[in-house]
Amino acid sequence: MVKVFLTIMCLFIAIVADGTQVDTLLLWGSERGQHKSDVQMHTFKPENPNGVGVIVCPGGSYFWLDERGEGDDVGKWLSSNGITAFVLFYRTAGALEFVWHTRTVFRGVRYPDMITDVQKALDWVRNRADEYKMAQDRIGLMGFSAGGHLVMSSACFHKTHFIEDNADTELRSNLRPDFVAAIYPVVTMNAPYVHRRSRRGLLGDSRQGNRVMRDSLSLERHIPSDCPPVFIVNCKDDPVVHYMNSVLLDSALTARGVGHKYLRYDTGKHGFGVSDYYGSPESRQWKNEFLEWLKEQMN
2 MVKVFLTIMC LFIAIVADGT QVDTLLLWGS ERGQHKSDVQ MHTFKPENPN
52 GVGVIVCPGG SYFWLDERGE GDDVGKWLSS NGITAFVLFY RTAGALEFVW
102 HTRTVFRGVR YPDMITDVQK ALDWVRNRAD EYKMAQDRIG LMGFSAGGHL
152 VMSSACFHKT HFIEDNADTE LRSNLRPDFV AAIYPVVTMN APYVHRRSRR
202 GLLGDSRQGN RVMRDSLSLE RHIPSDCPPV FIVNCKDDPV VHYMNSVLLD
252 SALTARGVGH KYLRYDTGKH GFGVSDYYGS PESRQWKNEF LEWLKEQMN
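The opening position of the sequence shown corresponds to residue 2 in my numbering, with each subsequent residue numbered one higher.
Structure below.
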């Protein structure tokens, strides 16, 4: 009951943090089924919006989410730079599933639930661009770790509508993001560089060995010719997601002639988000690099 009460309260209360207005909404409204009612999005409104919007997808191996370090902290940072941010707490398999492997019997949360949430969020944001003082063609995605895989999946497969038929069908807008930022992303679902926990979280226990699905979600194999511009960051000393994931993505984007910027730092490890303390002085440079790159894309 306490969780339900807090969720309802969040729908009606705006919080002011660091000069930024923050609101919480239930992305799927009252729609139920496959845990849709759990999907929340925090919106961060800058005092002086510059017309750019970013949907943020935290990481967490598709099992859980780093709601603060790769979520709300990112939203605050973006909004402090004039960018309207929408932090999406998309569906994940859950910590209990990580321990108990219940998806060997029950469906649970698995692909394509996560990308469906992103497409729903992108449609929701685009249809409210005027309300949030954003340009329709300046709305992008930013994801961290497994969230990086998710936002790149959204770019690769934007022509496929994963949202099942429902009352919102007529509201669907262009599902191609205008830019993507993939921060220390998971990219491949195949050995030798696969992040196995993310693969299991995404596919589920009963499907993680399916070679066809592994290939279909190894993004280095599926870069479209109309892929939006991509910003990539990772560190060579990353102990969690092998740095070659980003190398594979960089090579695939280059082969397809897709505009992108790839920053590979020697130090910084994994999971530093927008922190001023985690990572390394070298890796923390990515924030300014991204803002400069974004200005170039928007001109």
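Think of the CB as a built atom: it goes at the ideal place given N, C-alpha and C, for glycine as much as any other residue.
Checklist line | Element boundaries [alpha helix (DSSP H), containing T255] | finding: In the sequence shown, the residue the question calls residue 255 occupies position 254. From DSSP, the alpha helix (DSSP H) with T255 extends over 245-256.
Check: For K262, which residues from the same chain have a beta carbon less than 6 Å from its beta carbon, with the 5 sequence-adjacent residues on both sides left out?
Finding: Stepping through the sequence shown from its first residue, residue 262 is reached at position 261. Around K262: F232, W294.
Next item on the list: Quick one: grab the DSSP three-state call for V234.
Entry: To locate residue 234, count along the sequence shown from 1; it is residue 233. Looking at V234 - three-state DSSP - the assignment turns out to be strand.
Next item on the list: Count the CB pairs spanning the stretch 40-48 and the stretch 82-90 that are closer than 8 Å, and state whether there are at least three.
Entry: Counting Cβ pairs under 8 Å, three or more are found: they touch.
Check: In three-state DSSP terms, what is R111?
Finding: Here residue 111 corresponds to residue number 110 of the sequence shown, with the count starting at 1. It is coil, neither helix nor strand.
Notebook entry, point to check: What do you get for T170, buried or exposed, if any count of 16 or more other CB atoms within 10 angstroms of its CB means buried?
Noted result: By one-based count along the sequence shown, residue 170 stands at place 169. Any reading at T170 must be qualified, since the residue scores a pLDDT of 48, below 50, and its modelled position is unreliable; the value itself is stated next. Flag for T170 reads exposed.
Checklist line | Under the three-state DSSP convention, the category V187 falls into | finding: Taking the sequence shown and counting its residues from 1, the one referred to as residue 187 is at position 186. Looking at V187 - three-state DSSP - the assignment turns out to be coil, as it is neither helix nor strand.
Check: Unbroken alpha helix (DSSP H) runs of length 4 or more, entirely within the stretch 94-164: which are they?
Finding: DSSP runs (the alpha helix (DSSP H)) wholly in the stretch 94-164: 96-101, 114-127, 147-157.
Checklist line | Reduced DSSP category for L28 - H, G, I as helix; E, B as strand; rest coil | finding: Against the sequence shown, residue 28 aligns to sequence position 27. In the structure shown, L28 sits in coil (DSSP, three-state: anything other than H, G, I, E or B).
Notebook entry, point to check: Considering only the beta carbon of each residue, do S146 and M190 sit closer than 8 Å?
Noted result: The count along the sequence shown starts at 1 and reaches residue 146 at position 145. The count along the sequence shown starts at 1 and reaches residue 190 at position 189. Contact flag unset, no.
Notebook entry, point to check: Should the stretch 63-80 be regarded as contacting the stretch 261-278, the criterion being three or more beta carbon pairs within less than 8 Å?
Noted result: Touching, per the Cβ criterion.
Next item on the list: Could you tell me if L142 is buried or exposed, where buried requires 16 or more neighbouring beta carbons within 10 angstroms of its beta carbon?
Entry: Taking the sequence shown and counting its residues from 1, one reaches residue 142 at position 141. So L142 ends up on the buried side.
Next item on the list: Measure the Cβ-Cβ separation of G202 and A122 and say whether it is below 8 Å.
Entry: Here residue 202 refers to the residue found at position 201 when the sequence shown is read from its first residue. Here residue 122 refers to the residue found at position 121 when the sequence shown is read from its first residue. Contact flag unset, no.
Item checked: With 16 other Cβ atoms within 10 Å as the buried cut-off, status of S31 -> Along the sequence shown, one-based indexing puts residue 31 at 30. Per the 10 Å Cβ criterion, exposed.
Next item on the list: Compare the C-alpha of F180 against each of V57, V242, L66 and name the closest.
Entry: Residue numbering aside, residue 180 sits at position 179 when the sequence shown is read from its first letter. Selected option, being the one with the closest Cα: V57.
Next item on the list: Taking 8 Å as the threshold, find out whether the stretch 148-157 comes into contact with the stretch 205-217 through three or more Cβ pairs.
Entry: Fewer than three Cβ pairs drawn from the stretch 148-157 and the stretch 205-217 lie within less than 8 Å of each other, which leaves the two stretches out of contact.
Next item on the list: Return the first residue and the last residue of the alpha helix (DSSP H) that K288 is part of.
Entry: As a working note, residue 288 is residue 287 in the sequence shown. Counting along the chain, the alpha helix (DSSP H) containing K288 begins and ends at 287-299.
Check: Helix or strand or just coil, what does DSSP make of V75?
Finding: In the sequence shown, the residue the question calls residue 75 occupies position 74. If DSSP states are grouped into helix, strand and coil, V75 belongs with the helices.
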